[in-house]
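Remarks on the structure that follows.
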């Protein structure tokens, strides 16, 4: 750049020199980087070097002219630099960059940074206001003379009193801004110098940039009541990184750039050498703007003498202005550490103060001072701007989905609400409360997602721990000399003291309800007050922008009636053609605009209330609190109805919310069908509810005339509840897309379950009718209606589960469908039993077959993941086969089929039932399966036994006898294992009858063997008979089982006498026929003795003791027979050996 400037200067005869080289005094390089966020990056133009002896006292021809953008910006720059930034400049900068607020270390004007870094180099006066927002410190110069000494006594009274009592004692005078003639002349000369330096021939302009302004407005949140920040107090806002310190600063340094160079311009008096303070100024300005060089124009009394080009890194080595950059970095680090260690409370205002020639820098907590002052009618003027800033930063984080800082957003909003008056700033408080409620209960809670992004440990520090050392401490100080020493101020662990999210879901919902109620109250107050205001008052302090014209409201004299869209050219003409002043009603326009804002805000608040109450409904359902869940669901529905009434155009955007509430309504109705709740006392329920809930309900009910969802909260019959439940699920499913599988599939499952419950309801109703109605020749119309509706419910449920491919529930509903078909078959069975024929009918067969088909469909779906359901289906299918076979066997339809066909069908059905009896089932169901297997074997044995009695060939009889004997043995074994005494004795007697058919009536060894086998079977009845006596001893009176027990005991006694009699006959015949041995004679004697004893039964006892007495007699006799059979068997084994 120097070569290019020298080439231009040679033509003008201007001497150009070069600054010292960096290698003269090697120092450690300082890390610095700058990025312009918004404003003017640089002037895109060549520098026009001034001619030698140019008189800067004479204005150039373009001075103060604004014919181009470049001239306009130079004009604004020079006149802005004459004014000090306001005491709210850092807050204004933070408003324009809310994404950086809370992230950077410092936000302030560049002059304030330079003043702080010059503290050890000069004995000047320092007065700055400090605010803490997150990790950021906001610094603004505070003019004591302007605000405390020249103001009226009523303004800043509390600070003036504190200043006089605590600060002014050690001061002789109050410094004030210099407004001498020399300063004015220097400023004008600098302005003329810049205008001279503009190159008129080359194309010039400005390079603008705009980063990090407010994001686009989210339509799902309350519109921002604050106006967008406009204008700026500085030339540009720069994100400056100085070593490890990040700062957002505003600077007015003019920078000229071209394709090949970039330089800042300075004007310096040759009679006044560049000292350390001036050099530090130039160095810091260039670092802040990332400018590599500075061009210094030297003059004497306004007469240009020469240019000197100095690189930025060489400025610390200039003669008479040498300084160590590392010392400057130490000063910056120490001051920042001091401020961050002591200015720790968000929302507080601190005063950084140093008097002229003072050795210490003090920091006062003005918020504490103000609160300790008595009779303070005026509040801290920084409270409102700071509260607005906290709101804007929190809102920006929320809008940009930076919920990873949920705790920080909550802290910012809570501090904002603490600072702002809800009556004076009701709109901001409304929006802040809404955002706070959204932090507690986000919209994703509709899908039961309550997760918060992870919080770092430093963001979870307990607030109370940090306050112990700060309590009652209004001021802190640091020695000026210590600021220049490395490591003299160690920064403590920078803990952003946030309140972590330790609340449960229920607690978060309660806090959200409080926030929503507070927001609605603020909104109502603002709307009420706004109706009586003559003009609307903007929430922020009104600021006048010199670049914006004052709007005048005109309307054309002749309005166009054409319906075509207006032509832009016509609009331009209408501004200058025939115009007249109109009677503009600001109140009407403001009210209309405010009403729109109020309506949207109120609607969104009601929507958030509906979301919150839906979450509370779900929580109460999980805890089994049925009444509370109904209450919160009604609150949610009322709020949703109010939202539709307030902002009807947004009703279609809340299908997900309505679907969620309808799904919850279906869940509650399903729970109510299983509870004993008959009626809800709403009056008592509302009286015991919190104030916030009643307040929201009252405000919501004012928005509509009739409650759209009133029918959902009337407790009717069980059938009505189930019907409403299914209807709610259906409407909920219709409102969402299949693409949202995580919501769609659970809703379909719940609908399918409700249809299953409805089918079960109709099935149980039909069962009750079957038990109570007197059977006629056909089922009643009511019962057939129940069958039809039950079948429809099960069919619709199966279709729902097929759609979402839920195999387990498909199997379950097929199983229930099968049970309904079995119930139909049972109904026709009862009708058939009361008819004359008492045969198995085709209707029974039809419904049994339908049940079998449904069970087989369930089994065809597999068993992966629902083994218990499959096991239940197998049992039901086995039961169906068994019942159908039993009915065919007991009530054979001999009028429509022959006996052999029926027997074959019964055998096949019993085999199928046996096939689905799983012997390897779980332990709990094992006895049930064993009993079923025993019953099947018993019935098959009886069937074959009965067939033997018919006319069939001897060969078939032998085969049937073998099959019957086989099944009897299996049944007896299982009955004995399960201790089913009655069934064992019944089967044993049938088996003895089967053996008896093998007797030929001749006294031979074959008959003897059969009789001995029969005697052994009777002997095996000893233990079951004893168990039967114990079983029946607990029952009173002549029950059915007692009568059957007496019958069985009589039969056993009769069969025992018959077998012993036949044994005596056969043994006697064999004894006379052959030469009997001594052992055979003793056997005959023993048999005769047993037979004689069996005839000695005493039947003269009372009826009540007859069974026990007979069983006791038989037990004794059977024990002797058992011993006899045991000895007989042992003797035969010895003979064989």
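In the working numbering, the protein residues as written are 6 to 1142. Virtual Cβ for every residue (Gly too), placed ideally from N, Cα, C.
So, helix, strand or coil for residue 327, using DSSP? Of the three classes helix, strand and coil, the one that applies to residue 327 here is coil, per DSSP.
Who does residue 137 pair with in a DSSP beta bridge? Residue 137 pairs with 142.
For residue 487, which residues of its own chain have a beta-carbon under 8 Å away from its beta-carbon, when the five flanking residues on both sides are left out? Close CB contacts of residue 487 within its chain, under the 8 Å cut and outside five residues either way in sequence, are with 339, 493 and 494 (chain order).
Within its chain, find whatever has a CB closer than 6 Å to the CB of residue 1064; leave out the 5 residues flanking it on each side and keep chain order. For residue 1064, where only same-chain residues beyond five positions count, the Cβ hits under 6 Å are 1016, 1019 and 1020.
If you draw a straight line from the C-alpha of residue 381 to the C-alpha of residue 389, how long is it? Summary for residue 381: the model assigns pLDDT 46, below 50, so the residue's position carries little reliability; its value from the coordinates is reported in the next sentence. Each residue's alpha carbon lies about 17 Å from the other.
For residue 290, the nearest candidate out of 138, 258 and 274 (CA to CA): Check the Cα spacing between residue 290 and each of 138, 258 and 274: the tightest is with 258.
Which of the three DSSP states, helix, strand or coil, is assigned to residue 506? DSSP places residue 506 outside both helix and strand once states are collapsed to three, so it counts as coil.
For residue 943, which residues from the same chain have a beta carbon less than 6 Å from its beta carbon, with the 5 sequence-adjacent residues on both sides left out? Spatial neighbours of residue 943 in its own chain (CB-CB distance under 6 Å, excluding positions within 5 residues in sequence) are listed in chain order as 976 and 992.
What separation, rounded to the nearest whole angstrom, lies between the Cα atoms of residue 119 and residue 645? Roughly 56 Å between the two C-alpha positions.
Is residue 648 near residue 608, with beta carbons less than 8 Å apart? Cβ atoms of residue 648 and residue 608: closer than 8 Å.
With 16 as the cutoff for other CB atoms within 10 Å, does residue 865 come out buried or exposed? Exposed, by the Cβ-count rule.
Residues near residue 397 by beta carbon distance below 7 Å, same chain, minus five either side: Residues of the same chain with a CB within less than 7 Å of the CB of residue 397, apart from the 5 flanking positions on each side, are 100, 103 and 231 in chain order.
Across the region 124-139 and the region 293-311, are there enough close Cβ pairs to call them in contact, namely three or more that are closer than 8 Å? By the Cβ criterion, the region 124-139 is not in contact with the region 293-311, since fewer than three pairs of Cβ atoms, one from each stretch, lie closer than 8 Å.
By the three-class DSSP mapping on this structure, what secondary structure does residue 60 have? Residue 60 falls in the strand class under three-state DSSP.
DSSP three-state label for residue 1055, please. Taken through DSSP and simplified to helix, strand or coil, residue 1055 comes out as helix.
Run of the alpha helix (DSSP H) containing residue 487, from where it starts to where it stops: Careful: residue 487 lies outside any alpha helix (DSSP H) and carries neither H nor E.
Range covered by the alpha helix (DSSP H) that runs through residue 835: Run containing residue 835: 812-838, per the alpha helix (DSSP H) assignment.
Beta-carbon separation of residue 455 and residue 526 under 8 Å? No, the pair does not count as a contact, with Cβ atoms beyond the cut-off.
Residue 370 and residue 358 - do their beta-carbons sit closer together than 8 Å? When the beta-carbon positions are compared, residue 358 and residue 370 stay at least 8 Å from each other.
For residue 590, count neighbouring Cβ atoms within 10 angstroms of its own Cβ and tell me buried if that reaches 16, exposed if not. Residue placement at residue 590 is flagged as unreliable, the pLDDT there being 40, under the threshold of 50; a coordinate-derived value is accordingly withheld.
Can you give me the Cβ contacts of residue 109 inside the same chain, cut-off strictly under 8 Å, excluding the 5 residues immediately before and after it? Non-local beta-carbon contacts of residue 109 in its own chain, meaning distances under 8 Å to residues more than five positions away in sequence, involve 140, 141, 244, 251, 252 and 253 in chain order.
Considering Cα atoms alone, identify which of 871, 818, 361 and 1022 is closest to residue 981. Closest by alpha carbon: 1022.
Residue 504 and residue 412 - do their beta-carbons sit closer together than 8 Å? In this structure, residue 504 lies closer than 8 Å to residue 412 by Cβ.
State the CB to CB distance for the pair residue 616 and residue 662, rounded to an integer number of angstroms; the pair is presumed to be in contact (CB under 8 Å). Between residue 662 and residue 616 the Cβ distance is about 6 Å, and since that is below 8 Å, they are a contact.
Quick one: residues in its chain with C-beta nearer than 6 Å to the C-beta of residue 945, no 5 flanking neighbours on either side, listed in chain order? Taken in chain order, the residues that qualify are 915 and 972.
Can you list, in chain order, the residues of its chain with a C-beta nearer than 6 Å to that of residue 284? Leave out the 5 residues immediately preceding and following it. Taken in chain order, the residues that qualify are 320, 323 and 326.
Can you pull the DSSP bridge partners for residue 271? According to DSSP, residue 271 bridges with 301.
Meets three-Cβ-pair contact criterion under 8 Å: the region 775-787 and the region 751-763: No, the region 775-787 does not touch the region 751-763.
Count the other CB atoms within 10 Å of the CB of residue 786; is the residue buried (16 or more) or exposed (fewer)? So residue 786 counts as exposed.
Cβ-Cβ separation, residue 664 to residue 741 (assumed contact under 8 Å), whole Å: With a Cβ gap of about 5 Å, residue 741 and residue 664 count as contacting.
Go through its chain and collect everything with a Cβ distance to residue 633's Cβ below 7 Å, but skip five positions before and after it. Only 625 meet the Cβ criterion.
Any contact between the region 809-821 and the region 832-846? By contact I mean 3 or more CB pairs, one from each, below 8 Å. The answer is no - the region 832-846 does not touch the region 809-821, with fewer than three Cβ pairs under 8 Å.
Residue 1163 and residue 122: beta carbons closer than 8 Å? Since the first residue shown for the chain is 6 and the last is 1142, residue 1163 is missing from the structure and cannot be characterised.
In this structure, how does DSSP classify residue 765 when only helix, strand and coil are distinguished? DSSP places residue 765 in helix when its eight states are reduced to three.
Close beta carbons around residue 227, own chain, < 6 Å, minus the five adjacent residues each side: Result list for residue 227: 436, 439, 606 and 609, in chain order.
Identify every residue that forms a DSSP beta bridge with residue 481. Residue 481 pairs with 368.
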